[in-house]
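In the order they appear, the protein sequences are chains A and B.
Position 20 (the first sequence) corresponds to 20 in the UniProt record's numbering; numbering is contiguous.
Position 99 (the second sequence) corresponds to 99 in the UniProt record's numbering; numbering is contiguous.
All residues carry an ideal CB built from backbone N, CA and C; glycine is no exception.
The model shown is predicted, which means the values in this text are computed figures rather than measured ones.
All remarks here apply to the structure that follows.
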Amino acid sequence: MPSVNGSDVKRVIVACDAGMGSSVMVASTLRTKLAKYGVEVKHTPVDEIPGDANVVLCHQGLAARAKSTAPGAVVVPFAIFMGDPAFTKVENAIANNQVLES
Amino acid sequence: MAILSREGVRLGLTAQDKTDAIRQCGELLVELGAATEEYAAALHEREEQVSTFIGEGVAIPHGTNESRAHIARAAIAYLQFPDGIDWDGKEVFVCIAIASKSEEHIDILQSLAAVLMNPESAARLREAADVDQVMGLLAPAA
Chain A
1 MPSVNGSDVK
11 RVIVACDAGM
21 GSSVMVASTL
31 RTKLAKYGVE
41 VKHTPVDEIP
51 GDANVVLCHQ
61 GLAARAKSTA
71 PGAVVVPFAI
81 FMGDPAFTKV
91 ENAIANNQVL
101 ES
Chain B
1 MAILSREGVR
11 LGLTAQDKTD
21 AIRQCGELLV
31 ELGAATEEYA
41 AALHEREEQV
51 STFIGEGVAI
61 PHGTNESRAH
71 IARAAIAYLQ
81 FPDGIDWDGK
91 EVFVCIAIAS
101 KSEEHIDILQ
111 SLAAVLMNPE
121 SAARLREAAD
131 VDQVMGLLAP
141 AA
């Protein structure tokens, strides 16, 4: 199972089906929170996750597709687009250098 | 035409249900010259995969990845349903309909995200009484 140390996270990918709506919204709010740790946030369609991604956030309904596109990445699913505990989990892992697992 | 135009802001609408609201979103995007009927149909398909409800009484209907081919130009439309619509158990008062195959609309969605992060501005977006208010709230951040 993929895992990554918080301090090794330099970029977080937010994926959704079309990369047009939901992922843009999530990436927008997360970008503000993660900028102070020097972490970049990108949004992509779930089928176009970059091969070198190590952390991917996506809606739970797309997690299986995200894992098949990016088998080496830690995939963190979320259920709601605002205020989901998954966002806090990723932010805390980066802030405190904790291990993140799929 | 601007991505969010005055013609794309519709206040005081009514819808029978979620499907009807999404149909109105699609019709408006077609009317604005942003997309074709195929794209309008894909809004329903995308909604069935994962709900586009994002919180604070707002949903953001948009198409699937494949349907991006049916987009003519980037556009965002605001549709207000003051009576509320049952959206799979959540209540939706505003649909932000999206058509875009590039990054042109990102700044407006970033403004939307910022508006929704604050409960007071989110309420202003839901209860907007005129087009200027909506345009002001969703204006791209400087």
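Pick helix, strand or coil for residue i, following the three-state DSSP scheme.
i	result
B:E103	coil
A:S28	helix
B:A141	coil
B:S51	coil
A:L62	helix
A:E48	helix
B:I60	coil
A:A53	coil
A:A35	helix
B:L4	coil
B:A42	helix
The beta strand (DSSP E) that contains residue i, what's its start and end?
i	result
B:D17	Counting along the chain, B:D17 falls outside any beta strand (DSSP E), and DSSP gives it neither H nor E.
A:K42	40-45
A:L100	99-101
A:I13	11-16
A:S3	3-5
Taking the alpha carbon of residue i as the reference point, which residue from the options has its own alpha carbon closest?
i	options	result
B:R58	B:A34, B:A69, B:Q80	In the sequence under discussion, the amino acid at residue 58 of chain B is Val, which differs from the Arg named in the question. Minimum Cα distance to B:V58 is reached at B:Q80.
B:I76	B:E48, B:R46, B:Q110, B:I85	B:Q110
B:H70	B:S100, B:E48, B:E45, B:I96	B:S100
A:E91	A:T69, A:R31, A:T44, A:M25	A:R31
B:T14	B:A34, B:C95, B:E56, B:L43	B:C95
A:E40	A:E48, A:A53, A:Q60	A:A53
B:E48	B:G63, B:E37, B:A34, B:R10	B:G63
B:P61	B:R73, B:W87, B:A72	B:W87
A:P61	A:G6, A:D8, A:V9, A:C16	Here residue 61 of chain A turns out to be Gly, not Pro, going by the sequence shown. Nearest C-alpha to A:G61: A:C16.
A:A66	A:P50, A:F81, A:G38	A:P50
A:S22	B:L4, B:N118, B:I106	B:I106
B:I85	B:D130, B:E31, B:K18, B:E56	B:K18
A:K43	A:A70, A:V14, A:S28, A:M25	The residue you asked about is not Lys; residue 43 of chain A is His in the sequence shown. Of the listed residues, the one whose Cα sits closest to A:H43 is A:V14.
B:G89	B:I98, B:E120, B:L112, B:I54	B:I54
B:E91	B:Y78, B:P82, B:R23	B:P82
A:Y37	A:S7, A:M20, A:H59, A:A64	A:S7
B:A72	B:F93, B:A128, B:D130, B:E31	B:E31
A:P71	A:A93, A:P85, A:K10, A:E48	A:E48
residue 156 of chain B	B:L138, B:S5, B:E38	Not covered by the structure: residue 156 of chain B. The range shown for chain B is 1 to 142.
Between residue i and the ligand ADP, is there a pair consisting of the residue's CB and a ligand heavy atom that are separated by less than 7 Å?
i	result
B:A72	In the structure shown, the ligand ADP is absent, as is every other ligand, since no ligand is present at all.
Taking residue i as part of the alpha helix (DSSP H), name the residues at either end of that continuous run.
i	result
A:F78	Run containing A:F78: none in the alpha helix (DSSP H); it sits in the beta strand (DSSP E), 74-78.
A:A86	85-96
Which one or two residues does DSSP pair with residue i in a beta bridge?
i	result
B:R10	B:L79
A:S23	Partner(s): none; A:S23 has no beta bridge.
B:A35	B:I71
Q: Note down, one range per segment and in chain order, each alpha helix (DSSP H) of at least 4 residues found wholly within the segment 65-139 of chain B.
A: Positions of the alpha helix (DSSP H) runs, each at least 4 residues long and wholly inside the segment 65-139 of chain B, are given as 106-117, 119-126, 131-138 in order along the chain.
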